[in-house]
Every structure is written in structure tokens, then in C-alpha cells.
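Numbering-wise (numbering that gives the first Met the number 0), the sequence shown opens with residue 0 and increments by one. For each residue, glycine too, the CB sits at the ideal point set by N, CA and C. Here the structure comes first, spelled out in C-alpha cells, and everything after it is commentary.
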Amino acid sequence: MTAGPHAKLAELGLALPEVVPPLADYVPAVQSGRHVYVSGQLPLMDGKLLATGRVGAGVSAEQAKDLAARCALNALAAIDALVGLETVVKIVKVTGFVASADGFTGQPAVVNGASELFGTVFGEAGRHARSAVGVAELPLGAPVEVEVIVEVA
């Protein structure tokens with residue numbers, strides 16, 4: 000029997016944070032049928048942005064990868080609060096937005112921070128379709144933002 004998502008997080012030394020309150024007029028996650036759509040999550044911890052700036056100019060790709068993992072953890076908190084992580088059948092789609100300096104093309108490696116966390120927590124069910132998009136700016140000056148679609152039982 001494989002460990003559940005909460006046990007996998009504990010093995011990684013991670014605990015789900017409080018759900019990040021919305022920054023505007025939306026909800027952290029919404030369920031429609033068997034899918035949960037998680038709003039874009041920033042790398043916030045205890046209400047504070049962990050870094051600001053553009054990747055490739057002030058924020059390293061490795062730091063941004065860690066920030067993407069934090070975004071993914073925040074997404075998991077939103078899913079857990081809405082339907083419980085144990086109901087997740089499949090991580091379907093991950094979209095990562097990377098505030099990129101001119102000439103920075105390493106967006107896929109940055110978004111791997113989120114993808115790797117989902118894979119570790121959910122195993123094969125954590126493998127997903129994905130987009131990694133370079134953008135000029137993100138809310139609050141965040142270097143990365145991640146949104147997720149999951150299938151639930």
C-alpha cells in the first residue's frame with residue numbers, strides 16, 4: 000500500500016500551509032464536476048511573498064524552481080481545504096508563469112519545481128500536461144505563479 004499525499008508531504012518535511020487568501024475577487028479553488036481548478040498561486044508563506052523580481056535578473060533559476068514548489072504546496076492547501084487531498088485521482092494540468100528577464104528561456108526548468116513536487120506526492124497520478132510561460136510581470140512582483148487542474152473522485 001502506498002502512502003497517502005499527507006504522509007508523502009510529511010516524508011518531505013512539508014506541512015500544508017493555510018490557504019492563501021485571494022488577492023482580488025476570486026476564490027482559491029473551485030470544483031466543477033470531477034475537476035478542481037486552482038487559481039494561480041504565488042510563492043507566499045505566512046502572508047509574505049518569498050521573493051520579488053524577474054528570473055534571470057535578480058532571481059536565479061534555481062531559486063525560482065524552489066518558489067514554484069512553494070506555489071505548488073499552496074495549491075495543494077487550496078485543494079485540501081476544498082475537497083481533501085485524498086480525493087485527488089490525477090494532476091491533470093499545470094500552468095506555470097515565470098516573470099522572465101529579457102533573454103531568459105529556462106521557464107520549463109523553473110516550473111519543474113511544481114511538477115516534481117506533484118510527482119513526489121502523487122506518484123504516477125502526479126504526472127500531468129503542462130505549460131511554462133514567460134511573462135513580463137506577475138502580481139505583487141512575484142517571480143513565479145502556478146495554477147493547477149486536478150481530477151477528483
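For residue i, the nearest candidate out of the options (CA to CA)
| i | options | result |
| --- | --- | --- |
| P42 | Y25, L8, G12, G112 | G112 |
| E115 | A2, E17, I78, L11 | L11 |
| L139 | P16, H5, G57, L22 | L22 |
Span separating the alpha-carbon of residue i from that of residue j
| i | j | result |
| --- | --- | --- |
| E85 | A141 | 30 angstroms |
| G55 | F103 | 6 angstroms |
| G46 | V19 | 7 angstroms |
| V151 | L75 | 13 angstroms |
| G15 | A6 | Correcting the residue type first, residue 15 is Leu in the shown sequence and not Gly. Spanning the two alpha carbons is a distance of roughly 11 angstroms. |
| L66 | V147 | 15 angstroms |
Beta-carbon proximity list for residue i, same chain, < 7 angstroms, skipping 5 on both sides
| i | result |
| --- | --- |
| A60 | V54, G105, A108, V109 |
| I78 | A28, V35, V37, L84, V87, V149 |
Nonlocal neighbours in the same chain, by C-beta distance under 8 angstroms from residue i, ignoring five residues either side
| i | result |
| --- | --- |
| E136 | A98 |
| T1 | G122 |
| E17 | A76 |
Whole beta strand (DSSP E) elements within the stretch 47 to 84, 3-residue minimum
none
Is the number of C-beta pairs between the stretch 23 to 39 and the stretch 99 to 106 that are closer than 8 angstroms three or more?
no
Between the stretch 118 to 129 and the stretch 88 to 95, do at least 3 Cβ pairs fall closer than 8 angstroms?
yes
Can you find at least 3 beta carbon pairs, one from the stretch 8 to 28 and one from the stretch 51 to 59, that sit closer than 8 angstroms?
no
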